[in-house]
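As structure tokens, the structure follows; a few thoughts come after it.
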Amino acid sequence: MAGDTPDAGGGHTFPPSRVYTRYVPLKGDHGMLDLKFVRDNVAAVEEALRKRRSTLSLEGFVALDRERRERLVLVERMRAERNAASEEIGRLRREKKDATDLMERMKSLSSRLKGAEAELPAIEGKMEEFLLSIPNVPAPSVPEGAGEEDNPTVRTWGTPGTFSFPVKDHVDIGADLDILDFDRAAKIAGGRFCLSKGAGALLERALIGFMLDVHTREHGYLEVLPPFLANSASFLGTGQLPKFEEDLFRVAGTDYFLIPTAEVPVTNIVRDEILPVESLPLKMTAWTPCFRAEAGSYGKDTRGMIRQHQFNKVELVKICRPEQSAEELEKLTADAEEILKRLGLPYRVVTLCTGDLGFSAAKTYDIEVWIPSQGRYREISSCSTFTDFQARRAKIRFREGASGKTRLAHTLNGSGLAVGRTVVAILENFQREDGSVDVPEALRPYMGGMARIGKRC
RNA sequence: GGAGAGGUGGCCGAGUCGGCUGAAGGCAACCGCCUGCUAAGCGGUUGUACGGGUAAAACCGUACCGAGGGUUCGAAUCCCUCCCUCUCCGCCA
């Protein structure tokens, strides 16, 4: 790469783990995430944290903020004095007059100023770290609750089928049909990986094509194919960093992380940009593989392809005006649901309660598909609005036509859908007594007309 | 990997031997004027953040010319480090 200077090791130097591209505030020098909002709404933020069952406390932050402002006033007063004197010196010298007296005095002021300035970064660093760790404030319509069990069901579609024979799970179905091979995947990579073969691989590819086609041709999304690795600044923008590095795979010795969702590269397409208002809502869809470390989920869903280190997903991302975001979330969720309807898979939609809400989200609908072998619904899509949370971090703005003012956009995203889990749902819901699986009508054109997956001969 | 060029405001683009440059000039946008309509033309306005101030404004201050550091009374301008982009050569899907 041009401009790089080899170090002693002959390679590039990247930030060590946990050191990220510094948060760069909006054009400012020492701006904060939403300093004013937090300062002016301490009670509201604390209430939001309580609802989220978070242990974070604003205590200390308020004092830190006061201290910062006191010092800032001091520093800025000194700078003003210095600037005025410097201008005076310039004038004197242009008039060929002596300025050594003033210069001497400024020399001492300048060194005192340096001392005063030196105290600020530490305070601001602490405040910044804190602000980056505050989760988004839940939307007013989000029900309060402690966890998963408190998520209310919004609606249910379809009826779980009944089987006149003992149902098999997708692992057995896949093994019997020789289309899923977890043993060899483990040999190649390890646990939580899958190798699809024959109709299994075709099914996965068909689903990706089907989903993308519906979203681009019928729902008006622009298809994008982004990088599958992204840098730390991008992850900071969408909120996966700095708090959740342990969930990510990092490429050793680099600033690159494997994306855990297309949300990261796609939302960051417009990072640091001011968008023309008429381009909103911006709707994009992308297929990507997703990579997740799944640290802390040991023993959970170890069997099968429900929880993998790598899985395919078709993602929906929207960038819109604040006034549009509530409605756009409903539409986005409906767009994801449409896929399940066309595939004929029974599902329900739940609203995540405050205690179950993700870090960056203000409101989330989970779409859960029926899994016969488990006798319950499992998440297959998660549709969220982040309000201006990601936009603030990633500096995604738009210019209001009338006032000419820039405003933070709202960002949303949702799976449309998780492809691996869709494969699971299809295999299990459409299995037949003889071990074969019916291919949903909508998918057949994408599978060369194949109507049923049977044993290979 | 080797060699070179460059990163300035919404965009393009000047910045001389460091000082009066938040930053010329142009475009775009907005507000007036002019004009059968449109186009052209004329005049004016238009960055962001933080802090102070205000009922809210006005207003005042500070910072920001890729990022970080240094020199200096003073840096877009000088020095160092890093990042990124572009061009050519090499290698490669």
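The working numbering applies: residue 1 is where the first sequence begins, and numbers increase by one. Built from N, CA and C at the ideal position, the CB exists for glycine as well.
Annotated three-state conformation of residue 101 is helix, per DSSP. Remark: C-beta atoms of residue 120 and residue 38 do not approach each other more closely than 8 Å. In the structure shown, residue 250 adopts extended strand secondary structure according to DSSP, grouped into three states.
The shortest C-alpha to C-alpha distance from residue 112 to any of 414, 92, 79 and 122 is the one to 79. Within 10 angstroms of the beta-carbon of residue 347 lie 16 or more other beta-carbons, which makes it buried.
Rounded to whole angstroms, the Cβ separation of residue 387 and residue 362 is 4 Å, and the two are in contact under 8 Å.
Rounded to whole angstroms, the separation of the alpha carbons of residue 41 and residue 211 is 42 Å. Secondary structure in the segment 324 to 381: the alpha helix (DSSP H) runs of 4 residues or longer, each lying completely within the stretch, are 325 to 343 in chain order.
For residue 415, the enclosing beta strand (DSSP E) has its first and last residue at 410 to 418. Excluding the 5 residues flanking it on each side, residue 127 has same chain C-beta neighbours closer than 8 Å at 32, 35, 61, 64, 65 and 68, in chain order. Residue 94 and residue 102 have their alpha carbons spaced roughly 15 Å apart.
Exclusion of the five residues before and after residue 165 leaves 433 as the residues of its chain whose Cβ lies within less than 8 Å of its Cβ.
With distances taken between CA atoms, residue 250 lies nearest to 229 out of 263, 242 and 229.
Contact annotation, residue 393 with residue 406: C-beta distance approximately 16 Å; criterion of less than 8 Å not satisfied.
With fewer than 16 other CB atoms across the displayed protein chains lying within 10 angstroms of its CB, residue 225 is exposed.
In this structure, DSSP gives residue 288 an extended state, which the three-state scheme calls strand. Counting C-beta pairs closer than 8 Å gives three or more between the segment 43 to 53 and the segment 131 to 150, which meets the contact rule. Residue 240 holds the alpha-carbon nearest to the alpha-carbon of residue 389 among 240, 200 and 331. Residue 149 has its alpha-carbon roughly 28 Å from the corresponding atom of residue 262. Residue nearest to residue 257 within the set 366, 45, 227 and 122 is 227 (criterion: CA-CA distance). The beta carbon of residue 275 lies closer than 6 Å to those of 398 in the same chain, with the five residues before and after it left out. If only uninterrupted beta strand (DSSP E) runs of at least 3 residues are considered, those enclosed by the segment 173 to 233 are 229 to 231. Around the C-beta of residue 339, 16 or more other C-beta atoms lie within 10 Å, and the residue is accordingly described as buried. Listed in chain order, the non-local C-beta contacts of residue 155 below 6 Å within the same chain comprise 349, local neighbours out to five positions each way being set aside.
In the DSSP assignment, the residues bridged to residue 399 are 276 and 406. For residue 75, the closest alpha carbon among the candidates 98, 109, 96 and 89 is that of 109.
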